[in-house]
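Taking it in order: structure first as structure tokens, then the write-up.
Residue numbers (the UniProt record's numbering): 1 to 457.
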């Protein structure tokens, strides 16, 4: 029986995205990579000898320090040393500490934490000063040099984000970005360091209207039934292999493999700039931005590829985990923290739709739905696969015909005789007849609004 301790950033996606600028997010990712780097943590713990070690049984997950304890008497001191180190880089983060026990890390995680507590973010001193205009959480530094090029005042942590961004010379590239480039095998490609150039990737050929040049999609994916999968895998494993620590690594590897497959599905060979910004990738979590018109193909590939990858990695055919995703379409100028909250809400809706039993997705369009959550039905990956060709045909309708269908649907409803009469008159009745029942035409029109118009779609 071994004792484990995980020290990790709480709500890491929210912390990463609490900035109005992509370089602030990239700098945040770099800070997390540096602060939780295994070699850096080993240096921090060098005075503890063999009483505590950094282990790699679960693979590497950004924002998590995985420790294996060999002397309970040193646990509290080791915890404080690691927390002190992380806080020296990121003073505004909340940290969680979870203790596990088991024959292996995977077994221990499947049982659940036996102890858990949190190091909350420091409270703002009183009297409160002007809040940071990036994170809106900590007090802004009053020094003139604390302003960015737009005159926004920043706190010490956001100044550190900016310094760590590495925009100009490519140094200190965040782990998720460097790992993705490595796995893609295209080191010469570049990850966008601003949202506008990525939104403009679809300015030619794929999208005849201006929206395709200004919009992005945030895709937030998370695993379903992970605990059930590990329990089942342990139950079916040969007894002599039950000490294998591979389950967490298999999930992490499958997530990365799915991401690589999805990026390959939307990347064009003649574009040096990658059509993706990986904000966070680790374990069964993915948070990325992609051009709006490529989001559906990306999400379809991501969820489907994870299913195949985890099946191959585990050798199992039942009780397999899956991914669900929340997708939010937005103008590239909408702050990432605002979009992230909508993506979290959409992801929860997707998971509830199948009770976590199947790959699913839900979406939101800030340009057409506004910035408050809407009660749109989620759909399964199987639903999307079944309607893919019909959605493509719907997306191929002329823009004017598409707009008229939307107007008639809003006015009379997606099952109205007025809509059918109009569709028959303009020759689109066979297209709209594909969207009956749970897959509503109004939702289909919204999905087809963001479609990649090329021969491969």
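The beta-carbon is built from N, C-alpha and C at its ideal position, and this holds for glycine as well.
For clarity, every value in this text was computed on a predicted model and none was experimentally measured.
Query, Result
"Counterpart residues of residue 363 in DSSP-defined beta bridges", "327"
"Alpha helix (DSSP H) runs wholly inside the segment 129-168, at least 4 long, in chain order", "156-164"
"Cβ contact check for the segment 220-228 and the segment 290-298: 3 or more pairs under 8 Å", "no"
"Which of helix, strand or coil DSSP assigns to residue 112", "coil"
"Exposed unless 16 or more other CB atoms sit within 10 angstroms - verdict on residue 264", "exposed"
"Pair within 8 Å by beta-carbon distance, residue 301 and residue 325", "no"
"Cβ pair residue 328, residue 339 closer than 8 Å", "yes"
"Extent of the continuous alpha helix (DSSP H) run through residue 39", "38-44"
"For residue 190, the residue or residues it bridges with in DSSP", "273"
"Residue 44 and residue 82 closer than 8 Å at C-beta", "yes"
"Assigned exposure category for residue 372 - 16 Cβ within 10 Å defines buried", "exposed"
"Burial state of residue 150, where buried means 16 or more other Cβ atoms lie within 10 Å", "exposed"
"DSSP three-state assignment for residue 53, whether helix, strand or coil", "strand"
"For residue 75 and residue 94, believed in contact at Cβ under 8 Å, the rounded distance", "Contact doesn't hold; Cβ gap of about 20 Å is too wide."
"Cβ shell of residue 229 (< 7 Å), same chain only, five flanking positions each side left out", "319, 320 and 321"
"Residue 99 - containing beta strand (DSSP E), residue span", "95-102"
"CB of residue 16 within 8 Å of CB of residue 25, strictly", "yes"
"Residue 242 versus residue 2: straight-line alpha-carbon distance, rounded", "With a pLDDT of 47 at residue 242, under the threshold of 50, the modelled position of this residue cannot be trusted; read the value that follows with caution. Going by the C-alpha atoms only, they are around 14 Å apart."
"Selected residue, minimal CA-CA separation from residue 5, among 62, 34 and 67", "67"
"The beta strand (DSSP E) enclosing residue 218, as first and last residue numbers", "215-224"
"Residue 290 and residue 275 closer than 8 Å at C-beta", "yes"
"Under 8 Å between C-beta atoms of residue 313 and residue 403", "no"
"Proximity of residue 62 and residue 176 at Cβ, strictly below 8 Å", "yes"
"Per-residue burial, residue 185 [other beta carbons within 10 Å of its own, 16 or more giving buried]", "exposed"
"DSSP three-state assignment for residue 70, whether helix, strand or coil", "coil"
"Nearest neighbour of residue 220, chosen from 214, 174, 248 and 288 [CA to CA]", "288"
"CB contact flag (residue 106, residue 247, <8 Å)", "yes"
"Alpha-carbon spacing of residue 137 relative to residue 147, whole angstroms", "16 Å"
"Residue closest to residue 282, alpha-carbon to alpha-carbon, out of 88, 255 and 143", "255"
"Reduced DSSP category for residue 245 - H, G, I as helix; E, B as strand; rest coil", "Its pLDDT being 45, under 50, residue 245 is placed unreliably in this model, and the value from its coordinates should be taken loosely. Residue 245 falls in the coil class under three-state DSSP."
"First and last residue of the uninterrupted alpha helix (DSSP H) at residue 4", "From DSSP, residue 4 is part of no alpha helix (DSSP H) but of the beta strand (DSSP E) over 2-9."
"CB contact flag (residue 434, residue 390, <8 Å)", "yes"
"Helix, strand or coil at residue 383 according to DSSP, with G and I counted as helix", "helix"
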